[in-house]
Amino acid sequence: MSNKSFFGLAALAVVLLVVANSVYIVSEYERAVVLRFGRLINPDVQPGLHVKVPFADKLRKFDGRILTTDARPESFYTIENKRLIVDSYAKWRIENVDEYYKVTGGDETVAASRLANRVADELRNQIGSRTLHEVVSGQRDELMHELTVSLNESANELLGIDVLDIRVKRIDLPDDVSQSVFDRMSADREKEAREYRSQGAEQAEVIRADADRQVAVLEANAYRDAEKIRGEGDATAAATFAQAYSQDRDFYAFVRSLNAYKKSFAGKEDLMVVDPKSDFYRYLNSMDGQK
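Each residue of the sequence shown is one higher than the last, beginning at 1 in the UniProt record's numbering.
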């Protein structure tokens with residue numbers, strides 16, 4: 001290879017190196033700053049293709065997406081002086097790149113550590129002003145909201161980050177208070193169960209009394225209607241008999257006597273002692289069936 005070709009390749013390599021150090025790309029999920037000899041000259045580089053001074057300018061990129069800081073479990077005391085072991089995490093992202101770089105040097109670990117310390121301090125203040133019941137179940141959502149709002153203001157100003165959410169993964173009780181808390185919770189649930197059973201028994205008595213009253217009313221109405229219908233039937237029957245009797249009284253008396261004979265002589269072993277001249281035998285003593 002000739003000297004001319006060698007110098008040509010060397011010049012091309014230098015040009016490529018200069019171009020490679022002059023152009024950089026920032027993606028849409030990244031935040032970046034540009035330093036010139038260690039001094040910050042562009043505190044918030046927008047996404048896209050950019051040009052910098054080769055070998056003089058240095059690019060620092062940071063993750064601009066939502067990040068998660070998983071804090072280590074901490075011990076806190078409630079207003080009742082009950083100790084709790086709280087395990088929490090925080091969701092955050094870079095808001096002010098300039099402030100973020102100045103405070104943390106662009107190190108995500110440093111930012112997460114400082115944020116975790118502030119979360120612990122805020123949790124200590126919030127839990128210290130509430131009872132055990134409020135922290136565990138009663139006001140947990142309110143506590144998390146107040147904690148997020150309060151911490152976001154200070155973190156945005158001091159760390160250049162935006163705290164989106166803070167959540168408690170779990171709350172444990174120390175072994176020395178677990179049994180007492182369990183006994184108290186069990187007693188509270190038993191009290192609620194007794195109240196529910198008492199209310200249920202009271203409602204059952206009310207329903208049972210109302211049902212008995214409705215049954216009594218229905219039976220009374222049914223008996224009244226039945227007696228009314230039976231009375232109307234008896235009246236109709238009596239009127240029918242009376243009408244038939246009034247049409248031919250002798251025939252009616254004869255039919256009644258025949259029915260009486262039939263019932264009296266139905267049993268072969270029956271014995272009756274009756275005067276032959278009595279009215280019972282008036283039709284039997286008459287040859288033509290007359291009285």
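The beta-carbon is built from N, C-alpha and C at its ideal position, and this holds for glycine as well.
Contact check, residue i vs residue j, beta carbons under 8 Å
{"i": "Ala32", "j": "Arg60", "result": "yes"}
{"i": "Glu108", "j": "Asp63", "result": "yes"}
{"i": "Ala111", "j": "Leu173", "result": "no"}
{"i": "Pro47", "j": "Asp98", "result": "no"}
{"i": "Tyr100", "j": "Ile25", "result": "no"}
{"i": "Gly128", "j": "Ile94", "result": "no"}
{"i": "Leu143", "j": "Gln126", "result": "yes"}
Other residues of its chain near residue i: CB distance less than 8 Å, five sequence neighbours each side excluded
{"i": "Ser154", "result": "Arg118"}
{"i": "Ile41", "result": "Val34, Leu35 and Asp57"}
Residues near residue i by beta carbon distance below 7 Å, same chain, minus five either side
{"i": "Val163", "result": "Ala90, Trp92, Thr148, Leu151, Asn152 and Ala155"}
{"i": "residue 320", "result": "Residue 320 lies beyond the residue range present for the chain, which begins at 1 and ends at 291; the question has no answer from this structure."}
{"i": "residue 303", "result": "Because the chain spans 1 through 291 in this model, residue 303 falls outside it and cannot be assessed."}
N- and C-terminal bounds of the alpha helix (DSSP H) containing residue i
{"i": "Val23", "result": "Element bounds for Val23: not the alpha helix (DSSP H) but the beta strand (DSSP E), Val23 to Val26."}
{"i": "Lys102", "result": "Val97 to Thr104"}
{"i": "Ile127", "result": "Glu108 to Gly128"}
{"i": "Ser154", "result": "Arg140 to Leu158"}
Start-to-end residues for the beta strand (DSSP E) that takes in residue i
{"i": "Ala32", "result": "Glu30 to Arg36"}
{"i": "Ala90", "result": "Arg83 to Ile94"}
{"i": "Asp248", "result": "Careful: Asp248 lies outside any beta strand (DSSP E) and carries neither H nor E."}
{"i": "Ala74", "result": "As written in the sequence, residue 74 is Glu, which differs from the Ala given in the question. Residues Glu74 to Tyr77."}
{"i": "Val45", "result": "Arg39 to Val45"}
Backbone secondary structure at residue i - three-state DSSP
{"i": "Asp63", "result": "strand"}
{"i": "Val168", "result": "strand"}
{"i": "Asp162", "result": "strand"}
{"i": "Val255", "result": "helix"}
{"i": "Leu49", "result": "strand"}
{"i": "Thr131", "result": "coil"}
Cβ neighbours of residue i in the same chain (closer than 6 Å, five flanking residues each side left out)
{"i": "Leu218", "result": "none"}
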